[in-house]
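Q: Numbering (my numbering), first residue to last: 834 to 1182.
1. Which residue wins for smallest C-alpha separation from residue 797, given the options 1176, 870, 1063, 990?
2. From residue 997 to residue 895, what does the alpha carbon distance come to, in whole angstroms?
3. For residue 1010, which option in 949, 1095, 856, 883 has the closest C-alpha, if you only look at C-alpha atoms?
4. Just reading off the alpha helix (DSSP H) that residue 1137 is part of, what are its end residues?
5. Contact check, residue 916 vs residue 951 under 8 Å by CB: the rounded distance?
6. I need the boundaries of the beta strand (DSSP E) containing residue 868, first residue and last residue.
7. Pairing CB atoms from the segment 859-871 with CB atoms from the segment 979-994, are three or more of them under 8 Å?
8. So does the segment 902-913 actually touch the segment 1137-1152, counting three or more Cβ pairs closer than 8 Å?
9. For a quick check, are the C-beta atoms of residue 923 and residue 962 less than 8 Å apart?
10. On a CA-only basis, which of 1143, 1103, 849 is nearest residue 913? Give me that one, please.
11. Do residue 956 and residue 941 have their beta-carbon atoms positioned less than 8 Å apart in this structure?
12. On the CB-based measure, 16 or more other CB atoms within 10 Å of its CB, does residue 844 come out buried or exposed?
13. Since residue 994 sits in a beta bridge, which residues does DSSP pair it with?
14. Does the count of Cβ pairs from the segment 1046-1065 and the segment 1094-1111 closer than 8 Å reach three?
15. Are there 16 or more other CB atoms within 10 angstroms of the CB of residue 938, so buried, or fewer, so exposed?
16. Whole angstroms are fine: how far does the CA of residue 880 sit from the CA of residue 851?
17. How many whole angstroms separate the CB atoms of residue 892 and residue 1007, which I take to be in contact at a CB cut-off of 8 Å?
18. Would you list the one or two residues that DSSP bridges to residue 879?
19. Would residue 964 pass as a contact of residue 1026 if the rule is Cβ separation under 8 Å?
20. Whose C-beta lies closer than 6 Å to the C-beta of residue 1117 among residues of the same chain, with five residues either side of it excluded?
21. Which residue wins for smallest C-alpha separation from residue 933, given the options 949, 953, 925?
22. Quick check on the burial criterion: 16 or more other C-beta atoms within 10 angstroms. Buried or exposed for residue 1072?
23. At 4 residues or longer, what runs of the alpha helix (DSSP H) sit wholly inside the segment 1043-1119?
24. Whole angstroms is fine: what's the gap from residue 1065's alpha carbon to residue 1056's?
25. Which stretch, first to last residue, makes up the alpha helix (DSSP H) that contains residue 1021?
26. With 16 as the cutoff for other CB atoms within 10 Å, does residue 1052 come out buried or exposed?
27. Leaving out five residues before and five after residue 1067 in sequence, what residues of the same chain have Cβ atoms less than 7 Å from its Cβ?
28. Please report the residue range of the alpha helix (DSSP H) in which residue 969 lies.
29. For residue 1168, name the three-state secondary structure that DSSP assigns.
30. Drop a sphere of 10 angstroms on the beta-carbon of residue 1005, count the other beta-carbons inside from all chains shown, and report buried for 16 or more, exposed for fewer.
31. When you compare the CB positions of residue 887 and residue 1074, do they come within less than 8 Å of one another, or not?
32. So which of 1017, 1138, 927, 929 has the shortest CA-CA distance to residue 1093?
33. How would you call residue 1113, buried or exposed, if buried means at least 16 neighbouring beta carbons within 10 angstroms?
34. Can you tell me whether residue 826 is buried or exposed, with buried defined as 16 or more other CB within 10 angstroms of its CB?
35. Verify whether the separation of the beta carbon atoms of residue 1084 and residue 1049 is less than 8 Å.
36. Thinking residue 929 and residue 944 are a contact (beta carbons under 8 Å), I'd like their distance in whole angstroms, please.
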């Protein structure tokens, strides 16, 4: 029986003045990072031990110094990662920010990060465990899969404590897991994480709210299925989901309306194409048209309002950006960077 895949990254054996730069390049697979202070950069060190469970889930322990993590809207569209990160701190903690809302994740809490959304956080020196789960694997277990970003579940909650203890136990056993046992661990792990996310005191829902969440999920699935179609409209959505116009409008009110939601999803897809090497020969108008925009001028205005730059600027960013699949290199000093390849290639369902 084969052991599961393992990736071991560390900056400890590098010269001190190179450590943060190497870490920043590596973790850019997920986030842009900056040191929280000059002293943090000078005394920097980082290690990341990761395991691949059933070629579906990545499970990691990270130990490093205080820093800021950021993931903006363009990055979320560019890299195509559509995953949940479920984290628990063993040491230290972090402050997560979403607009004006700030939350503190401490030792024993669960923090949920949705990679499809913007993210900003600042940490102390920390050690934490992270479960990286593709959305299609976890979303069916959740009552509100699209409302998880920056949630902090407190460790005092019994379901949260059970989930945290499971993560600790699973990581402690990961070196001994075979591919067969790892495959068997995936479903119960997802079910236990979902129990905490669905049953935590901050997410107790009545039957009506749960029904609305189910309808919203159906509507969003229908939108994704027909996002490139010119036939996608409020009328076709109402027919597909079985709702009146008024009911559909109420459902999407938190997103600024159903038309605003559809436009945002189309802008995200267009942004991903603009920065993709595969689409560098396509005209901006063709990409806009492919995602349902009839006017290049309207597309450009909407794109700039959404991402803070023009489509042409975004395309240039894609041309000059570093692509993980061609730039990854291993050295004896850092171990390996296989986890980056897992993120960019393996963990996509």
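For each residue, glycine too, the CB sits at the ideal point set by N, CA and C.
None of the values given here were measured: they were computed from a predicted structure.
A: Answer, in terms of the structure:
1. Because the chain is modelled from 834 through 1182, residue 797 falls outside the range shown and cannot be assessed.
2. In the chain shown, residue 997 corresponds to position 164, counting from 1. In the chain shown, residue 895 corresponds to position 62, counting from 1. Each residue's Cα considered, the two are about 16 Å apart.
3. As a position in the chain shown, residue 1010 is number 177, starting the count at 1. That would be 883, whose Cα lies nearest to the Cα of residue 1010.
4. As a working note, residue 1137 is residue 304 in the chain shown. It spans 1129-1140 - the alpha helix (DSSP H) in which residue 1137 sits, taken as one unbroken run.
5. Taking the chain shown and counting its residues from 1, one reaches residue 916 at position 83. Taking the chain shown and counting its residues from 1, one reaches residue 951 at position 118. Not confirmed; about 15 Å, so no contact.
6. Position 35 of the chain shown holds residue 868. 865-868 is the span of the beta strand (DSSP E), which, as asked, contains residue 868.
7. The segment 859-871 is not in contact with the segment 979-994.
8. yes
9. For the purposes of this step, residue 923 is taken as residue 90 along the chain shown, with counting starting at 1. For the purposes of this step, residue 962 is taken as residue 129 along the chain shown, with counting starting at 1. Against a cut-off of 8 Å, the Cβ pair of residue 962 and residue 923 comes out as a contact.
10. Residue 913 sits at position 80 when you count from the first residue of the chain shown. Out of 1143, 1103, 849, 1103 has the C-alpha closest to the C-alpha of residue 913.
11. By 1-based counting over the chain shown, the position of residue 941 is 108. By 1-based counting over the chain shown, the position of residue 956 is 123. The answer is no: Cβ separation not under 8 Å.
12. If you number the chain shown from 1, residue 844 lands on position 11. That one is buried.
13. In the chain shown, the residue the question calls residue 994 occupies position 161. Residue 994 is not bridged to any residue.
14. A contact exists between the segment 1046-1065 and the segment 1094-1111.
15. Here residue 938 is taken as the residue at index 105 of the chain shown, counted from 1. Its Cβ being crowded by 16 or more others within 10 Å, residue 938 is buried.
16. Sequence index remark: in the chain shown, residue 851 carries index 18 (1-based). Sequence index remark: in the chain shown, residue 880 carries index 47 (1-based). Near 14 Å, if we compare the C-alpha coordinates of residue 880 and residue 851.
17. For the purposes of this step, residue 892 is taken as residue 59 along the chain shown, with counting starting at 1. For the purposes of this step, residue 1007 is taken as residue 174 along the chain shown, with counting starting at 1. The pair is a contact, with the Cβ atoms about 6 Å apart (cut-off 8 Å).
18. Start at 1 with the first residue of the chain shown, and residue 879 comes out as number 46. Residue pairing by DSSP places residue 879 opposite 897 in a beta bridge.
19. Translated into positions along the chain shown, residue 964 becomes position 131. Translated into positions along the chain shown, residue 1026 becomes position 193. Going by C-beta atoms, residue 964 is nearer than 8 Å to residue 1026.
20. Translated into the one-based positions of the chain shown, residue 1117 becomes position 284. Around residue 1117: 1144.
21. Counting from 1 along the chain shown, the entry for residue 933 is found at position 100. Closest by alpha carbon: 953.
22. By one-based count along the chain shown, residue 1072 stands at place 239. Residue 1072 should be labelled exposed.
23. The segment 1043-1119 contains these whole alpha helix (DSSP H) runs: 1067-1074, 1078-1084, 1091-1108.
24. For the purposes of this step, residue 1065 is taken as the residue at position 232 of the chain shown. For the purposes of this step, residue 1056 is taken as the residue at position 223 of the chain shown. The alpha-carbon of residue 1065 is positioned some 7 Å away from that of residue 1056.
25. Within the chain shown, numbered from 1, the residue matching residue 1021 stands at position 188. DSSP places residue 1021 in the uninterrupted alpha helix (DSSP H) bounded by 1012-1032.
26. Stepping through the chain shown from its first residue, residue 1052 is reached at position 219. That one is buried.
27. In the chain shown, counting from the first residue as 1, residue 1067 sits at position 234. Same-chain partners within the cutoff: 1078, 1081, 1091.
28. The count along the chain shown starts at 1 and reaches residue 969 at position 136. Element bounds for residue 969: 968-971.
29. Locating residue 1168 in the chain shown gives position 335, counting from the first residue. Three-state result, residue 1168: strand.
30. To locate residue 1005, count along the chain shown from 1; it is residue 172. Around the beta carbon of residue 1005, a 10 Å sphere encloses fewer than 16 other beta carbons of the protein chains shown; the residue is thus reported as exposed.
31. To locate residue 887, count along the chain shown from 1; it is residue 54. To locate residue 1074, count along the chain shown from 1; it is residue 241. Cβ atoms of residue 887 and residue 1074: not closer than 8 Å.
32. Reading the chain shown from its first residue, position 260 is the one you call residue 1093. Ranking 1017, 1138, 927, 929 by Cα distance to residue 1093 puts 1138 first.
33. Sequence index remark: in the chain shown, residue 1113 carries index 280 (1-based). Exposed, by the Cβ-count rule.
34. Because the chain is modelled from 834 through 1182, residue 826 falls outside the range shown and cannot be assessed.
35. Counting from one through the chain shown, the residue named residue 1084 turns up at place 251. Counting from one through the chain shown, the residue named residue 1049 turns up at place 216. Yes, the pair counts as a contact, with Cβ atoms nearer than the cut-off.
36. In the chain shown, the residue the question calls residue 929 occupies position 96. In the chain shown, the residue the question calls residue 944 occupies position 111. About 7 Å separates the two Cβ atoms, so the contact holds.
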